[in-house]
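In what follows, a structure is listed as structure tokens, so that the remarks can point back to it.
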């Protein structure tokens, strides 16, 4: 498929309504005892690709179901393009949806599946056929119109489901873990495909997944859910580089942590006292001396045999070396943390990484974020 | 294996195929021994009785064996006028032998099935035959009763000559072979079987429809409710299964009779007057109500098992794509339940068409089915061949329905679980 520059440009221009979808103080409880979603406040701009990411049971799917209309908020209101939609039944919301197991109608051909939303909207057959052709070519499935879903592979079914959710030109498409059932390679290629489709037609997408790499690859912004709350809502790079709390730091990507107590804080740096050492860190959610904190450091931000510029240099013993092809994972016992992970590129200069060796590790205090204690 | 390929030998030099067969023979024998009891059981309790029934329903050897010489002599008779002396003499010979064995009564019963009026003239013939003189039997027999001189009666005897007959089947459809050998219907006021066949079909059809209408929502509820409620509902559906059929039918009798609970209730709420209680039992209504209730689980269970496999996200998808709840149901959910509907309807219809105890107890005169008639001939008239014939007609009717279903819906489209 060819994506022209204008298409990409279009998607940038479309972003105009900053509050296209708005969750306003939404609570949801199923049993009257436990809140699955707590006081949710979330704005999604038009044309945006927002991913709700979180562990299972974090309330992300519930949010999606409330948006689709299959669940009603216990409290609060959801606005779509400025209109409150709590009282609108699902079939009048005009929201496209891709379900976890595709939910293709097994007794209809691909063509009939795609024609379903057009027929119920009483779109004339000529127009409908054009739209179906367009949608099928968008997912590169021309010529599959007369197949039954059961005759398609998982990836093809997935594409049909995407095409079906887009064929009636909805302004908003919801995707509920649509790639969960695919194998790894297919999943990755579908991620790009969905991302490209989003860019080319500029539709607003709300995507739910528990796979962080999927979220990082596809989204404009990611809302990390935990315990019924949005922990952080920001772009993928910010989420990865600058997590605001230890849950996000832990959930997104790999993470080395040191638990300790702030012993000094000054000039954008703080000293954190560990059980047997002291490290410099970047105070994010600590305010004063004596606070408990968890210092989070991405594995690739730490270097072996560092130069003198780094303000944290410590020695540790290599406990484990795991070969990963393009890089090697090295587990080091560092400052009382036996689970300290380093990712070392496989190059000839790093040949001295051997089990049991004592090596020096360094990192900048800026990259070591002192967050809330776990 | 192509002829060019060399025969593959195992390490000890035996051809591979032989060795494979040897290795599998033990398993095959084991498997056969496991199914043998069932096979044996099926042959004894199903194949053999059905075969016997089929044979019995067309078997007409009795008369053939009682009058062997007569039928031999009749071979040359054209059936136009009275047979000649040869036939009468042969008949006399056969008859004397029957009288000696005291079997002439059976002959009269059998011949009476074919044509009314044989009973009395055979009795008379027996009495008269004691004084018969040798020779000229035609004159002597014809003198016994004027019917013996009637060619119709001799034709009736001739019709019993073949060892096999389809007349029981004709009788089951209220038809018979008349004097001219044509198949005609019996007089209108004696056509009892056709009415019964039609009523059986009608009741089976409507019971199936009622069962479907009631079972569909129940099955849907069962398939969609959370486990703890659906289990309870399932028990309610299965409870009738654990109760004796007789008890269930009897309880319907208590409910439906004129002084019964349902009538009391209707009177209580003022729906009907006390002196004008409707009859809900001993007629079709009774059969409908009781059979629908009893056959309901047979509809619920196949529907449930099919609905259970339909993902709830399909209905959601239908709605999210813009279909109203009705459209989503009708275009998405309903078509997917058709295999269950087919299975349930076929099951209920076939069970209803052969239903016996319930219509016998609550059906009364206007609510009995063909199976009650079969039972009647088995137990009361002892006309087993007729009962067999009707039983086989019922069986072939069911097979026809099965065939039709296969043609229309396709039997591989059926789903029982």
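Protein chains in written order, with our numbering: chain V, 21 to 394; chain L, 302 to 718. No residue lacks a Cβ here, since even glycine has one placed at the ideal position from N, Cα and C. Model, not experiment: these values are computed from the prediction.
From the DSSP output, in three-state form, read off residue i for me.
| i | result |
| --- | --- |
| residue 414 (chain L) | helix |
| residue 294 (chain V) | coil |
| residue 560 (chain L) | coil |
| residue 331 (chain V) | coil |
| residue 376 (chain L) | coil |
| residue 656 (chain L) | coil |
| residue 187 (chain V) | coil |
| residue 311 (chain L) | coil |
| residue 494 (chain L) | helix |
| residue 105 (chain V) | coil |
| residue 175 (chain V) | helix |
| residue 318 (chain V) | coil |
| residue 207 (chain V) | helix |
| residue 340 (chain V) | strand |
| residue 264 (chain V) | coil |
| residue 40 (chain V) | coil |
| residue 241 (chain V) | strand |
| residue 96 (chain V) | strand |
Just to confirm before moving on: does the CB-CB distance between residue i and residue j stay below 7 Å?
| i | j | result |
| --- | --- | --- |
| residue 654 (chain L) | residue 415 (chain L) | no |
| residue 591 (chain L) | residue 553 (chain L) | yes |
| residue 165 (chain V) | residue 122 (chain V) | no |
| residue 297 (chain V) | residue 391 (chain V) | no |
| residue 111 (chain V) | residue 638 (chain L) | no |
| residue 69 (chain V) | residue 225 (chain V) | yes |
| residue 693 (chain L) | residue 358 (chain L) | yes |
| residue 317 (chain V) | residue 388 (chain V) | yes |
| residue 516 (chain L) | residue 608 (chain L) | no |
| residue 665 (chain L) | residue 589 (chain L) | no |
| residue 248 (chain V) | residue 56 (chain V) | yes |
| residue 614 (chain L) | residue 90 (chain V) | no |
| residue 572 (chain L) | residue 563 (chain L) | no |
| residue 331 (chain V) | residue 300 (chain V) | yes |
| residue 395 (chain L) | residue 368 (chain L) | yes |
| residue 94 (chain V) | residue 157 (chain V) | no |
| residue 512 (chain L) | residue 604 (chain L) | no |
| residue 649 (chain L) | residue 687 (chain L) | no |
| residue 223 (chain V) | residue 193 (chain V) | yes |
| residue 306 (chain V) | residue 282 (chain V) | yes |
If we count the other Cβ atoms within 10 Å of its Cβ and call it buried at 16 or more, is residue i buried or exposed?
| i | result |
| --- | --- |
| residue 169 (chain V) | buried |
| residue 329 (chain V) | exposed |
| residue 366 (chain L) | exposed |
| residue 171 (chain V) | exposed |
| residue 391 (chain L) | buried |
| residue 701 (chain L) | exposed |
| residue 212 (chain V) | exposed |
| residue 377 (chain V) | exposed |
| residue 427 (chain L) | buried |
| residue 383 (chain V) | buried |
| residue 601 (chain L) | buried |
| residue 276 (chain V) | buried |
| residue 75 (chain V) | exposed |
| residue 466 (chain L) | buried |
| residue 559 (chain L) | exposed |
Below 6 Å CB to CB, which residues in the same chain sit around residue i once its five sequence neighbours on both sides are set aside?
| i | result |
| --- | --- |
| residue 412 (chain L) | 419 |
| residue 266 (chain V) | 314, 391, 392 and 394 |
| residue 365 (chain V) | 347 |
| residue 184 (chain V) | 133 and 134 |
| residue 42 (chain V) | 63 and 99 |
| residue 254 (chain V) | none |
Give the DSSP bridge partners of residue i, in chain order.
| i | result |
| --- | --- |
| residue 219 (chain V) | In DSSP, residue 219 (chain V) forms no bridge with anything. |
| residue 383 (chain V) | V:332 |
| residue 69 (chain V) | V:225 |
| residue 122 (chain V) | V:119 |
| residue 286 (chain V) | V:289 |
| residue 390 (chain V) | V:303 and V:315 |
What does a CB cutoff of less than 7 Å around residue i pick up in its chain, not counting 5 residues either side in sequence?
| i | result |
| --- | --- |
| residue 24 (chain V) | Its pLDDT being 44, under 50, residue 24 (chain V) is placed unreliably in this model, and the value from its coordinates should be taken loosely. Cβ neighbours of residue 24 (chain V) beyond the five flanking positions: none. |
| residue 177 (chain V) | 122, 124 and 169 |
| residue 373 (chain V) | 338, 341, 348, 350 and 364 |
| residue 81 (chain V) | 196 and 228 |
| residue 308 (chain L) | 316 |
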